[in-house]
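Quick note: the sequence shown, position 121, residue 120 per numbering that gives the first Met the number 0, numbers continuous.
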Amino acid sequence: MLKLILSLSILVIMGLLAAACTPLAENAKPLSNEEETQSIAEQPLIASDQGATPGIPGGEDEPGKTDPSGGDIVSSEGDVISSPPGGQASGSDSSSGPLKVQPPQKPANWRLYVDETYGFSVEYPDTYVILDEIVPLSDVAPGMVQRVRFQDKKLAKGPTADIEPPQFSIEVYEIATPDLAGWLSTNAPHGERSQINLGNVTCTKVELMTLIAPNMFYYCQGGKYMYALTPLGPYTDQMLRSFKITQ
0 MLKLILSLSI
10 LVIMGLLAAA
20 CTPLAENAKP
30 LSNEEETQSI
40 AEQPLIASDQ
50 GATPGIPGGE
60 DEPGKTDPSG
70 GDIVSSEGDV
80 ISSPPGGQAS
90 GSDSSSGPLK
100 VQPPQKPANW
110 RLYVDETYGF
120 SVEYPDTYVI
130 LDEIVPLSDV
140 APGMVQRVRF
150 QDKKLAKGPT
160 ADIEPPQFSI
170 EVYEIATPDL
180 AGWLSTNAPH
190 GERSQINLGN
200 VTCTKVELMT
210 LIAPNMFYYC
220 QGGKYMYALT
230 PLGPYTDQML
240 RSFKITQ
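Here is the structure:
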């Protein structure tokens, strides 16, 4: 009996040794070059020592070059308007907010309008023309004796010239008594009032915050006349500063 058990044990050991020495099965084929490449590509990327993840070559901006989509849009007048969507103007700071339209340059030639009858003068750009008065001034407003309206030349010749508000206007009213406060309470619109110096005279500025332009009006008194100035156009500041009462 002991010999039988010993013989069986020897057979089992020999069987195990034979199995260990058996060559690879036919279905266990080595990976081809293509399969090996695919297997490597599927492995996750490992960050470098600096913590940077490998990227696509050429994905960063090259020094000294600017994305062509970031150029400025230039209007027909030569004004820089803004960067196009998705781009940024060269040399601009994206944190400074959107670019604004540059104001028009002061024209090379200015003219001086002098009214000796009603005693005032004002400078205006040569891009403006003075509109003719067709309707009698007494029908426009009570007490109005003079009105000068400056309009842009292009607007004055356009199809909507009759309804376009002037770029700057001066209305002269004859007052019975030199009472600025009393005249304003009756004839001027009610709004926020402040004192301002225009040329050689102190005037009252009335601003209507709830209205669209024109919403600022200036009232200046000179003798028996009241001068009402209504600015609107791009040369408002220059024209207001040049206004003078000459009588």
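All C-beta atoms, glycine included, are put in the ideal place defined by N, C-alpha and C.
All figures in this text were calculated on a predicted structure; none of them were measured in a lab.
Does the Cβ of residue i have 16 or more other Cβ atoms within 10 Å, making it buried, or fewer, making it exposed?
| i | result |
| --- | --- |
| Ala-227 | buried |
| Glu-170 | buried |
| Ile-133 | exposed |
| Ile-244 | buried |
| Val-139 | exposed |
| Asp-60 | In this predicted model, Asp-60 has a pLDDT of only 45, less than 50, meaning its place in the structure is not dependable; the value taken from the coordinates is given anyway. Exposed, since its Cβ has fewer than 16 Cβ neighbours within 10 Å. |
| Asp-236 | exposed |
Could you give the DSSP three-state label for residue i: helix, strand or coil?
| i | result |
| --- | --- |
| Thr-229 | strand |
| Thr-203 | strand |
| Met-208 | coil |
| Leu-111 | strand |
| Ile-223 | The residue asked about is misnamed: residue 223 is Lys in this sequence, not Ile. Looking at Lys-223 - three-state DSSP - the assignment turns out to be coil, as it is neither helix nor strand. |
| Gln-194 | strand |
| Val-134 | coil |
| Ile-129 | strand |
| Ile-169 | strand |
| Asp-236 | helix |
| Ile-9 | helix |
If contacts are defined as beta-carbon pairs under 8 Å, then residue i and residue j qualify, I think. What distance do you get, rounded to the angstrom?
| i | j | result |
| --- | --- | --- |
| Thr-229 | Ser-137 | No, Thr-229 and Ser-137 are not in contact; Cβ-Cβ is about 19 Å, not under 8 Å. |
| Ser-241 | Gly-198 | 7 Å |
| Lys-156 | Tyr-127 | In fact, because the Cβ distance is near 13 Å, the residues do not count as touching under 8 Å. |
| Tyr-224 | Pro-124 | Contact doesn't hold; Cβ gap of about 25 Å is too wide. |
According to the Cβ coordinates, are residue i and residue j closer than 8 Å?
| i | j | result |
| --- | --- | --- |
| Pro-164 | Phe-149 | no |
| Gly-222 | Val-200 | no |
| Val-147 | Tyr-112 | yes |
| Thr-185 | Gln-194 | no |
| Gly-303 | Glu-206 | A query on residue 303 cannot be resolved here, the shown segment of the chain reaching from 0 to 246 and no further. |
| Leu-239 | Tyr-217 | yes |
| Gly-142 | Glu-115 | no |
If you drop the 5 nearest sequence neighbours on each side, which residues of the same chain put their C-beta closer than 8 Å to that of residue i?
| i | result |
| --- | --- |
| Asn-108 | Pro-124, Asp-125 |
| Met-13 | none |
| Leu-179 | Thr-203, Tyr-218, Gln-220, Met-225 |
| Pro-188 | Val-205, Leu-207, Phe-216 |
| Arg-110 | Glu-122, Tyr-123, Pro-124, Asp-125 |
Cutting at 7 Å between CB atoms, please list the residues of its own chain near residue i, excluding the five before and the five after it.
| i | result |
| --- | --- |
| Gln-247 | Because the chain in this structure spans residues 0 to 246, residue 247 falls outside the shown range and cannot be described. |
| Ala-175 | none |
| Leu-130 | Arg-148, Gln-150, Ala-155, Pro-165 |
| Val-121 | Tyr-112, Ile-169, Met-238, Ser-241, Phe-242 |
| Ala-212 | Leu-231 |
| Leu-183 | Thr-203, Tyr-218 |
| Ile-9 | none |
Who are the Cβ neighbours of residue i in its own chain at under 6 Å, not counting the five residues just before and after it?
| i | result |
| --- | --- |
| Met-215 | Glu-206 |
| Asp-161 | none |
For a test of your reading of the model: does the CB of residue i fall under 7 Å from any non-hydrogen atom of the ligand SAH? Yes or no.
| i | result |
| --- | --- |
| Thr-185 | This structure does not include the ligand SAH; it has no bound ligands of any sort. |
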